[in-house]
Every structure is written in structure tokens, then in C-alpha cells.
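One structure below.
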Amino acid sequence: MEYTAELDCVIALSVHAKENNYACPDLTEENLLTIKGGRHPLQEMYVTPFVANDTHVEKEKSRMKILTGPNASGKSVYLKQVGLIVFLAHIGSYVPAESATIGITDRIFTRIHTRETVSVGLSTFMIDLNQVASAVQFAGERSLILIDEFGKGTATVDGLSLLTACLKHWLSAGNRCPKVLVSTHFHSIIQQKLLPLTPLLRFQTMETMQNGDELVFLYQLVDGYTNTSYACHIAALAGISSDLVQRGHEILDLIRNNKPIKRKDSKENEEEMKR
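Just so you know, this note's numbering puts 172 at position 166 of the sequence shown, and the rest follows in order with no gaps.
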């Protein structure tokens, strides 16, 4: 039965790879990661057309990538697809990409999904911390670390500080730094230059286009960074009423200009005050 199940899995991988134009990856002893036209094996089955993205991690350059961009712009999907491509290559499968050269990877660490359960008696943030702690303690130069918005479960300053400390820890290893891909909305990391300037670090963002008041997602990974998460635009797309979105814009402008936020009374409140 065990051999039958294994054969079934191998045949399934083979058929799926052939039907979806997968490529045979090159595994190498060199400590690098090069993926051309990488795709998410599940997401591409439900999204047409799926926008493919490249990944380049060299031995002495771009060991750490920090991704910024709006919610729903494709950052999480990108992190997952890189992890899945590396994993598939190591189990002997073809991969969803035009081509891939993948250095032997000893471990894959992730902080993407928070596995909440009442049985362990841990808060959401504590679970996140445990996941990152494992990467800090055990990741080596041949490890892959994927971190999606770590630090959002606590105060902004605390989350920013912890994330920055972890990133500095890995960068301090120099050319022995693990392969690290991070998505974050902590733009202060860039604005306040909290990380050292080094060829090991590369900033990238998911490209968007402003079409009047509409935000268009292009889902294409490009070099650079963004200073805003476009939260109000995302709220509108999620169906939040235009009045609330407009009020959000107003409060955001007040905060950016260091002005006090005053209560905006409705007409009903004004009439009640007159009485």
C-alpha cells in the first residue's frame, strides 16, 4: 500500500507538471536561488492571467529582500510561491517556472500563517514569536526564511523594533546570511534607515498604477519601495462605505500634517446640541 501511494503521488506530480508547463529545476551546491517566471502552483489555477515573477538571490548579493506594497497586491502569494518552488525542487518534482536554479536548502522557516489553537494557551503574537525564534536560533546560510508581516500583533513600535532586530541579526552574518524574504508595512524601516546599507539587502515592491481615484494592481515585483499601504483604497474595494473611507482619508491627512483630530459631528448631533 505504501509503494502504491508513493507511485500515485509521483504520477500525479508528473501529470500536473506536464499539463501546466512546469520546468525541470537545476539543483546546485552553490548557495543561490534563481527563479525565472515563477508561479504559485495553486493560485495560477484560479487566477487568469497569473502574473509570474522572478527571484534572484546570489551568494554575495540580495540575500535579504524586503517587500512593501498595498494589501492584496501579491506579496504573500509571492513569498509562498518561492517557498513551494524550493520545496518541490527538493522532493524531485518539476516546478512552476520558466527555469529555476536552486541551491541545496537545509531548512525552510516561515512566519506566514498563525496556527491559533486554544490547546496551547498562547496568544497570537506569542505564536508568531515562536515561529520567528526558531528561524533566529536555527537558520544557517543554506536556509530559506519567509516572513509575512511579522510584528502586526503588538504595538507598532514594539513590532518594528523586533523585526528590525531580527533582520540585523541575519545581515550580521555577512555572506553567510540565510536567504530571507520579508513582506512588511513597517515603512519606517526604510524611511528611518534602520538597516545598514549593504549589497546583501534589496528593497522591492509590488507595482501599482493610479488611474484617477482607482488603484490598479499590476502584481509585478519591481525594485524600490512604497511609503504607503493605500489602506483607504483597499477599504473601498472591500465594500466599506464611501463616507467612512472619506473620513479615513481626512484623518490620515491630519496625522501626516501633525494636526489634531477633531470629532466630525453629524447633523443629528448638531441639532441635538442646539436643543
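Note that beta-carbon positions come from the ideal geometry of N, C-alpha and C, so glycine has one too.
All figures in this text were calculated on a predicted structure; none of them were measured in a lab.
Proximal residues to residue i (C-beta, below 6 angstroms), its chain only, five neighbours per side dropped
i    : result
R182 : E147
P266 : none
Y225 : V57 and G80
P31  : A95, V101, A106 and I108
I72  : V188 and F209
M279 : Confidence is the limiting factor: at M279 the pLDDT is only 49, short of 50, which leaves the residue's position unreliable and the question unanswerable from this model.
Of the listed residues the options, nearest to residue i (C-alpha basis)
i    : options                   : result
M51  : N26, W176 and L166        : N26
F115 : M132, S167 and L85        : L85
C172 : H193, T162 and G157       : G157
V53  : V83, A103 and S140        : V83
A78  : I118, S248, V228 and A237 : A237
T217 : K199, S20, D229 and H239  : Contrary to the premise, residue 217 reads as Asn rather than Thr in this sequence. Residue H239 is the option with its Cα nearest to N217.
H119 : L227, L128 and E155       : E155
S248 : V228, F223, D219 and L227 : D219
K117 : I110, E104, I97 and G159  : The question names Lys, but residue 117 in the sequence shown is Arg. Of I110, E104, I97 and G159, the residue nearest in Cα terms is G159.
E12  : L48, I97, G43 and I41     : I97
Own chain residues within Cβ distance below 8 angstroms of residue i, not counting five before or after
i    : result
Q197 : N233
P202 : K174 and L177
D14  : none
S194 : L166 and L200
L128 : N136
V251 : C238, A241 and A242
8 angstroms contact criterion, which residue i and residue j should meet: CB distance rounded
i    : j    : result
L33  : I108 : 6 angstroms
P76  : L221 : 7 angstroms
L169 : F144 : Incorrect: roughly 18 angstroms between the Cβ atoms, too far for contact.
T74  : T211 : 5 angstroms
Backbone CA spacing between residue i and residue j [nearest angstrom]
i    : j    : result
K24  : I153 : 31 angstroms
T190 : H46  : 20 angstroms
S99  : V88  : 14 angstroms
V142 : S235 : 27 angstroms
K65  : E36  : 8 angstroms
I17  : R208 : 39 angstroms
R269 : I261 : 14 angstroms
I246 : I257 : 16 angstroms
M132 : Y231 : 29 angstroms
E8   : A242 : 51 angstroms
V138 : D60  : 25 angstroms
R253 : F223 : 24 angstroms
K42  : D259 : 40 angstroms
A179 : T10  : 45 angstroms
G44  : H22  : 16 angstroms
Contacts around residue i, its chain only, beta-carbon distance under 7 angstroms, and the 5 residues preceding and following it disregarded
i    : result
V63  : L38, L39, R69 and K185
D112 : G146, R148 and S149
Y28  : Y100, V101 and P102
P205 : E66 and K67
L19  : S99
F93  : I114
D134 : R117, T120, F156 and G159
Q49  : F56 and V83
H255 : C238
Opposing strand residues paired with residue i [DSSP bridges]
i    : result
Q216 : L221
Q210 : L73 and D229
D249 : Looking at the DSSP assignment, D249 forms no beta bridge with any residue, so it has no partner.
I153 : R117 and V188
G109 : T34
N59  : G44
A29  : V101
L203 : In DSSP, L203 forms no bridge with anything.
L94  : Answer by DSSP bridge pairing: none, since L94 is not bridged.
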